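What follows is one structure encoded as structure tokens, with my remarks underneath.
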Amino acid sequence: MHRRRGPLPALLTWLGLPLAAVYARVIAGRNQGFDRRVGVIELDRPVISVGNLSVGGTGKTPMVGHVLAVLNAAGHTPCVAMRGYGGRSGGQSGARSDEADEHRRAFPEVPIVAQPNRVEGLIGLFGSDAGDDIDVVVLDDGFQHRRIWRELDIVLVDATASPFEDRLLPAGWLREPVESLRRASATVITRAERVSPGQLADLENKLKRACERPVTAVCRHAWRSLTVYERGGGVRTEPVPWLSSQRAGAACAIGNPDAFLAQVRDAARTVVGAVVLPDHDAYGQAALSRVADLVRVHGAGAIVVTSKDWSKLSHVPGLLELAPIVVPELRLVFERGEEYLREMILRAAAFSKVRAQDDEAFDEAANG
2 MHRRRGPLPA LLTWLGLPLA AVYARVIAGR NQGFDRRVGV IELDRPVISV
52 GNLSVGGTGK TPMVGHVLAV LNAAGHTPCV AMRGYGGRSG GQSGARSDEA
102 DEHRRAFPEV PIVAQPNRVE GLIGLFGSDA GDDIDVVVLD DGFQHRRIWR
152 ELDIVLVDAT ASPFEDRLLP AGWLREPVES LRRASATVIT RAERVSPGQL
202 ADLENKLKRA CERPVTAVCR HAWRSLTVYE RGGGVRTEPV PWLSSQRAGA
252 ACAIGNPDAF LAQVRDAART VVGAVVLPDH DAYGQAALSR VADLVRVHGA
302 GAIVVTSKDW SKLSHVPGLL ELAPIVVPEL RLVFERGEEY LREMILRAAA
352 FSKVRAQDDE AFDEAANG
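Under my numbering, the first residue of the sequence shown carries the number 2, and numbering increases by one thereafter.
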């Protein structure tokens, strides 16, 4: 683990610390208001939030998928509410968000609200036929979205990007100071496979002190299988070892490219090159030319991308004429804490039944 250079250009890094101090005061004032529940809206059904402290990927999408799977298996009817970054046309529709597309492919039956005003979107959903049966809301990237009250706050910490080795924006990538972890209901370490046991133990100890409670769960990211998209629209599923016979190129526009690229290197026979773009990049013509060069110049026989990247690349005409596109199916493998986290999820979701019983009792008393 090491400290990443902050988002400011190199020539302006001297501004980072004073601007971070200003940002810290703004965040502190904002959080003080939310702590008093000023401007906080409590929905009529329970909310489970999945979020993090930093800008960039910590594994929120697979964790949201895990929460949805737990809820579905227990008979709940969840929906997802998210900001909707990565829209292909900059709109607010869930159909235009790469992350919403990713959720929709994995859980086609789950309604998704993907727009900046999540409260407005949820109210609209609840007033529709599709929203009648929804009994729990899952907030994707909701730790800083404190306008919505939540029964459970799950915060993810990427083992490869310790918040204790980072700084607040814009000196670093933290959206909040590590002290904010105290308000988390559950803290989950992700990508544990990418650090040594000693580094993992050190991170756990620091989190225990910061959160004033032990880490809830530890998990690693693993590929379950590969979806291969071919020329002519063919799609097939291959086991992960299939990639070991391929000369592969990689392309991604995600928050933590290093972890993804390490998985590609672990799985492929040869990695001929990689195109790494800023998070949520729209893959303009220059970027697509670089992707094409992985095949034309470097001889890649397959291009490996994340599911989020495929949401954008699947709409590029002629891309599959170059080489097959390989999209790994990512899953969380828990080293410990899975059952405890599951109990926390179901306990939070159970508030819907409590509220329904309270409403029924109130109606009976009012009509009695």
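Ideal placement from N, C-alpha and C gives every residue a C-beta, glycine not left out.
If you're wondering where the values come from, they're calculated on a predicted model, not measured in any experiment.
Buried or exposed for residue i, please, with buried defined as at least 16 other CB atoms from any protein chain shown within 10 angstroms of its CB.
| i | result |
| --- | --- |
| Thr217 | buried |
| Pro240 | exposed |
| Ala29 | exposed |
| Gly319 | exposed |
| Pro164 | buried |
| Gly40 | exposed |
| Thr161 | buried |
| Gly52 | buried |
| Ala350 | buried |
| Asn206 | exposed |
| Gly300 | exposed |
| Asp45 | exposed |
| Glu100 | buried |
| Gln286 | exposed |
| Gly338 | buried |
| Ala366 | Low per-residue confidence applies at Ala366: pLDDT is 49, beneath 50, and the placement is therefore not dependable, though the value from the model is reported in the following sentence. It is exposed - the Cβ of Ala366 has fewer than 16 other Cβ atoms within 10 Å. |
| Glu103 | buried |
Look at the alpha carbon of residue i and the alpha carbon of residue j, and state the distance between them as a whole number of angstroms.
| i | j | result |
| --- | --- | --- |
| Phe108 | Ile190 | 24 Å |
| Ala269 | Pro112 | 36 Å |
| Leu153 | Gly132 | 21 Å |
| Pro10 | Ile304 | 30 Å |
| Arg384 | Ser197 | No answer is possible for residue 384: it lies beyond the span of the chain, which begins at 2 and ends at 369. |
| Ser129 | Ile135 | 11 Å |
| Ala187 | Lys209 | 11 Å |
| Ala70 | Val298 | 42 Å |
| Arg184 | Cys212 | 8 Å |
| Gly302 | Arg232 | 13 Å |
| Asp310 | Cys253 | 6 Å |
| Arg105 | Thr14 | 40 Å |
| Arg151 | Val48 | 5 Å |
| Pro178 | Gly199 | 24 Å |
| Leu204 | Cys80 | 33 Å |
| Gly250 | Leu244 | 11 Å |
| Gly327 | Ile42 | Checking the sequence shown, residue 327 turns out to be Val, not Gly. Val327 and Ile42: Cα-Cα distance of roughly 42 Å. |
| Gln247 | Asp294 | 17 Å |
| Ala96 | Asn32 | Note on Ala96: pLDDT 43, under 50, position unreliable in the model; the coordinate value appears next. Approximately 32 Å, taken between the alpha carbons. |
| Val265 | Val272 | 8 Å |
| Asn257 | Arg348 | 31 Å |
| Val236 | Ala115 | 28 Å |
| Pro8 | Gly76 | 43 Å |
| Ala263 | Glu180 | 31 Å |
| Phe352 | Val292 | 48 Å |
| Gly280 | Ser308 | The question names Gly, but residue 280 is Asp in the sequence shown. Cα to Cα, Asp280 sits roughly 13 Å from Ser308. |
Bridge partners of residue i, per DSSP?
| i | result |
| --- | --- |
| Val241 | According to DSSP, which records beta bridges pairwise, Val241 is partnered with nothing at all. |
| Thr271 | Arg248 |
| Phe335 | Cys220 |
| Ser226 | Glu330 |
| Val139 | Ile49 and Val81 |
| Thr191 | Asp159 |
| Leu175 | Ser55 and Leu169 |
| Val236 | Tyr230 |
| Ala260 | DSSP lists no partner for Ala260. |
Which of the three DSSP states, helix, strand or coil, is assigned to residue i?
| i | result |
| --- | --- |
| Tyr284 | coil |
| Val158 | strand |
| Gly52 | strand |
| Thr62 | helix |
| Val27 | helix |
| Pro19 | helix |
| Glu110 | coil |
| Pro79 | strand |
| Leu44 | coil |
| Thr307 | coil |
| Leu321 | helix |
| Ala131 | helix |
| Val277 | strand |
| Val39 | coil |
| Leu170 | coil |
| Ile124 | helix |
| Leu201 | helix |
| Leu153 | strand |
| Ile346 | helix |
| Ala254 | coil |
| Ala115 | strand |
Does the ligand ADP have a heavy atom nearer than 7 Å to the CB of residue i?
| i | result |
| --- | --- |
| Phe127 | Absence of the ligand ADP from the depicted structure is noted, as is the absence of any ligand whatsoever, leaving it without description. |
For chain D, check one thing: does any of its Cβ atoms lie closer than 8 Å to the Cβ of residue i?
| i | result |
| --- | --- |
| Ala185 | The question asks about chain D, but that chain is absent: this structure has only one protein chain. |
(request) State whether the region 137 to 151 contacts the region 59 to 75, with contact taken as three or more CB pairs (one from each stretch) at a distance under 8 Å. (result) These segments touch.
(message) Quick test of the definition: if touching needs 3 or more C-beta pairs under 8 Å, does the region 111 to 126 touch the region 329 to 336?
(response) In short, these stretches do not touch, since the Cβ pair count stays below three.
(message) Does the region 170 to 183 come into contact with the region 14 to 21, if we say contact requires no fewer than three beta-carbon pairs (one atom in each stretch) closer than 8 Å?
(response) yes
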